[in-house]
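Heads up: the structure comes next, in structure tokens.
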Amino acid sequence: MKNIISILLLVIGVAEVFGQESQTRNVGAFSGVKVAEGIDVYLRKGDKEAVRVEVTGTKPENVVTEVSGSYLKVHMRDGNFRNNVDVKVYVTFVNLDKLSASSAGSIFSEGTVAAKELEISASSAGTIEVALDAEAVEVNASSAADIELTGKARALSIEASSAGEIDAYGLEAQKATAEASSAGSVKISVVSELVAHASSGGSIRFRGNPSKSITDSSSGGSVKKSN
Numbered sequence: 001m002k003n004i005i006s007i008l009l010l011v012i013g014v015a016e017v018f019g020q021e022s023q024t025r026n027v028g029a030f031s032g033v034k035v036a037e038g039i040d041v042y043l044r045k046g047d048k049e050a051v052r053v054e055v056t057g058t059k060p061e062n063v064v065t066e067v068s069g070s071y072l073k074v075h076m077r078d079g080n081f082r083n084n085v086d087v088k089v090y091v092t093f094v095n096l097d098k099l100s101a102s103s104a105g106s107i108f109s110e111g112t113v114a115a116k117e118l119e120i121s122a123s124s125a126g127t128i129e130v131a132l133d134a135e136a137v138e139v140n141a142s143s144a145a146d147i148e149l150t151g152k153a154r155a156l157s158i159e160a161s162s163a164g165e166i167d168a169y170g171l172e173a174q175k176a177t178a179e180a181s182s183a184g185s186v187k188i189s190v191v192s193e194l195v196a197h198a199s200s201g202g203s204i205r206f207r208g209n210p211s212k213s214i215t216d217s218s219s220g221g222s223v224k225k226s227n
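The sequence shown runs 1 to 227 under UniProt numbering.
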């Protein structure tokens, strides 16, 4: 009997430690989202800013969601970043103009993010996958970060360095400026105008037939049209 009770207590303890928990939070207004430390953020458009935290292997209280300046910052509380923790944060936004992911943090969009101007950056193995409808988009990936974009943009400025990768084949840009260096990789689709430069092992591949195209490469970089 004692053994059975011990086993039951152990099972209950494991369930409490590793079971999924969720928490809904009210937050102030923000126009940017910044995530880090292995957390997955899911974006959805709404009439009011809100946050829902879902965790497995830790407590919701160990996940920080705070508005600082114009950013909603999402990260683990000090000392709580561990490999066996799964954290998903569902962010409802009204307007967005900045997205940032670092330290293996990830941002995904549920639906299209519409914006006049949007800055997107990822570093240190951060990941961003979003669908866009924007006038002007500025994108930067570095230090093994990965960015994937779909949708459309009138003007696109894009830069990848230090093994950062940007796949924007699914994003139709009217005008694009692209730069890749230090083994960075850029893939873009351009309609009318392209300016591209690759250096130090950087790679730029583009689709489309832009009427105006200025491309050059140096130090082992390459710029090529792709099918």
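Ideal Cβ positions, reconstructed from N, Cα and C, are used throughout, including at glycine.
Check, Outcome
"Proximity to Ser100 [Cα-Cα], best of Arg77, Glu61 and Val35", "Val35"
"Distance between Gly126 and Ile166 (C-alpha atoms, nearest Å)", "12 Å"
"Option nearest Thr65 by Cα separation, candidates Leu132, Val91 and Ile214", "Val91"
"Exposure of Asp146, with buried meaning 16 or more beta-carbon neighbours within 10 Å", "buried"
"Per-residue DSSP class, three states only, for Asn62", "helix"
"Alpha-carbon to alpha-carbon, Lys225 and Val27", "45 Å"
"Closest Cα partner of Gly202 within the set Asn209, Pro60 and Glu159", "Glu159"
"Three CB pairs or more closer than 8 Å across the region 107-123 and the region 57-64", "no"
"Top-ranked residue by Cα proximity to Asp133, from Ser123, Met76, Gly151 and Ser142", "Gly151"
"Cβ neighbours of Ser219 in the same chain (closer than 7 Å, five flanking residues each side left out)", "Ser199 and Ser200"
"Close Cβ partners of Val195 (< 7 Å) along its chain, the five nearest in sequence each way excluded", "Thr177 and Ile214"
"CA-to-CA distance, Val33 to Val55, given in whole angstroms", "19 Å"
"Under the three-state DSSP convention, the category Leu96 falls into", "coil"
"Backbone CA spacing between Gly221 and Ser185 [nearest angstrom]", "10 Å"
"Gly164 - DSSP class collapsed to helix/strand/coil", "coil"
"N- and C-terminal bounds of the beta strand (DSSP E) containing Phe206", "Ser203 to Arg207"
"Continuous beta strand (DSSP E) stretch holding Arg44: start and end", "Asp40 to Lys45"
"Length of the line joining the Cα atoms of Ala173 and Asn140", "16 Å"
"Glu110 - DSSP class collapsed to helix/strand/coil", "strand"
"Spatial distance of Ala114 from Tyr169 (CA atoms)", "18 Å"
"Beta bridge counterpart(s) of residue 233 as assigned by DSSP", "There is simply no residue 233 to check, as the chain begins at 1 and stops at 227 in what is shown."
"DSSP state of Gly184 mapped onto helix, strand, coil", "coil"
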